[in-house]
Amino acid sequence: MMRTRIAGTGRAVPDKVLTNDDLSKLVETSDEWIRERTGIRERRILEEGRSTSDLAAEAGRRACATAEIDPKELDCIIVATISPDMPMPAVAVTVQQKIGAGTCAAFDVSAACAGFIYGMSIADAFIKNGQFQRVLVIGVEILSRVLDWTDRNTCVLFGDGAGAAVLMASPASEGRGILSTHLFADGSGMPLLNIPAGGSMEPASAKSVEAGRHFVKMQGKPVFTNAVKNISRAAQIALESNGKSPADVDWVVAHQANLRILEAVAERVAVPIEKFYLNIHKYGNTSSASIPIALDEAAHEGKIKPGELILMAALGAGLSWGSALVRF
Ligand code: UT7
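Here the numbering used here runs 97 ahead of the position in the sequence shown, where the first position is 1.
Structure below.
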């Protein structure tokens, strides 16, 4: 029996830092409000002239280096993103070229903040059924390009970044790897968080641009409530499916959307907040990139060690959500 192991991780975040004080010069907000309501202190913004595939390729290259494989050995590249270089083709094919992979399979996954867990789950299925042995999964967002910088309800929350993991087949007898993944969606939540224009429903036009319809729109409160409920339930399902208790968990690497969401999840799942790896203060909400950035940081800081039990969970636009339990 084969299992899917996380063989290496990598991340890439832009150098440019945008602080809460910087934002208070753009919209009516304050460092105090943003810190107290979200836990965010600053976020990274990609410089002009670079795009989603640049950051994704950087993170992907680093994950390959950590996994000690040449990108040419990859069988598949999956990029989770809702802020691609362009509507078509997939970011993954440009990443394939930029990292010098061969003609391996390459495609994108659109599941917003849950994108990395969806991508990992697809990679796990490919590896378990024997189709692929080495899959690069990248979560990347350049949300700064799709934010309305006059809307304080959204522009203070998000940031840019990329995180990646190389997933590889490894004998189940080693005990390490993805124990299970659990994916969910509820399309009735579509109106709560979306980018209304720029697709077939509302093609880009001078009018749509003028009305800012190609920017992120969010009803924060109902998304918050759904996030607490569904992330908690998905985390519990991951534990129950593997006969594990909250005390067995070494680290929770959950989507970093709001510190208050994570505190509420910690209480519901009965895993102390001290076991949650937190970096929302530095990067804000980087959507599909948030879990792989956190995972890579935690691994490189020596916090998460090989063999430890990691619980992952996320919820975002869709609404789409999911969880994974991994023996790192
Ligand atoms: O990645 C997955 C998807 N996203 C999320 O998970 C985000 C989920 N939602 C949230 O994190 C929170 O709902 C927010 C952080 C977006 C908002 O926090 P809240 O506690 O739900 O605030 P609110 O929207 O109820 O607004 C409270 C007040 C309002 O003023 P009034 O009506 O009470 O006078 C807002 O107008 O805060 C005001 N407000 C702000 N004030 C200063 C909203 N945004 C800001 C701001 N600065 N940036």
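All residues carry an ideal CB built from backbone N, CA and C; glycine is no exception.
Taking residue i as the reference, give the member of the options with the closest Cα.
i    : options                   : result
A187 : G399, V176 and G197       : V176
L406 : A222, P268, G340 and L240 : G340
N114 : G399, G256, I334 and S285 : First, the amino acid is wrong: residue 114 is Val here, not Asn. V114 has its Cα closest to that of G256, out of G399, G256, I334 and S285.
G286 : L264, L416 and T135       : L416
A414 : H378, P288, L336 and A396 : P288
I271 : V124, C173, V349 and G404 : According to the sequence as given, residue 271 is Glu; it is not Ile. For the residues V124, C173, V349 and G404, the minimum Cα distance to E271 belongs to G404.
V325 : H352, F312, D347 and S338 : H352
A211 : E125, V368 and I235       : I235
I465 : I174, K304, N291 and S387 : It is not possible to answer for residue 465, since the shown part of the chain is limited to 98 through 425.
A301 : E139, L280, I388 and P184 : P184
A332 : K402, L356 and V362       : V362
K314 : V243, G419 and M217       : V243
L254 : D182, G157 and Q316       : Q316
V346 : V368, S338, I334 and E337 : V368
N376 : V366, A395, S385 and E360 : A395
A154 : D167, V124 and A189       : A189
S148 : T191, T126 and R357       : T191
N355 : T135, N117 and W130       : T135
A308 : P319, G295 and V320       : G295
I224 : H279, Q194 and I103       : I103
For residue i, which residues does DSSP report across the bridge?
i    : result
L408 : V349 and L422
N291 : K314
M99  : P268
S417 : A282 and G413
F255 : N382
I174 : A203 and L233
R108 : G260
F373 : V349
So residue i and residue j are in contact, right, with Cβ under 8 Å, and what is the actual spacing, rounded?
i    : j    : result
L412 : I328 : 5 Å
P293 : M99  : Contact doesn't hold; Cβ gap of about 43 Å is too wide.
V110 : G258 : 4 Å
V263 : A156 : That pair is no contact at about 11 Å.
P389 : G274 : Actually they are not in contact, since the Cβ atoms of P389 and G274 sit about 16 Å apart, beyond 8 Å.
L280 : R231 : Rounded, the Cβ-Cβ distance is 22 Å, inconsistent with contact.
Which of helix, strand or coil does DSSP assign to residue i?
i    : result
M315 : strand
N327 : helix
V124 : coil
M217 : helix
T383 : coil
G260 : strand
T278 : strand
V114 : strand
E238 : strand
G212 : helix
S302 : coil
R231 : strand
R273 : coil
V366 : helix
T322 : helix
I401 : coil
K225 : helix
N355 : coil
I166 : coil
Given the structure, does residue i come close to the ligand FAD, in the sense that its CB is under 7 Å from one of the ligand's heavy atoms?
i    : result
W348 : This structure lacks the ligand FAD; the ligands present are the ligand UT7.
Nearest chain B C-beta to residue i closer than 8 Å, yes or no?
i    : result
K318 : The structure shown has no chain B; it contains just one protein chain.
Segments of 3+ residues assigned as beta strand (DSSP E) that fall wholly inside the segment 134-164: Entirely contained in the segment 134-164, the beta strand (DSSP E) runs reaching 3 residues are, in chain order, 139-141.
Length at least 3, wholly inside the segment 176-207: the beta strand (DSSP E) runs in chain order: For the segment 176-207, whole beta strand (DSSP E) runs of length 3 or above, ordered along the chain, are 202-206.
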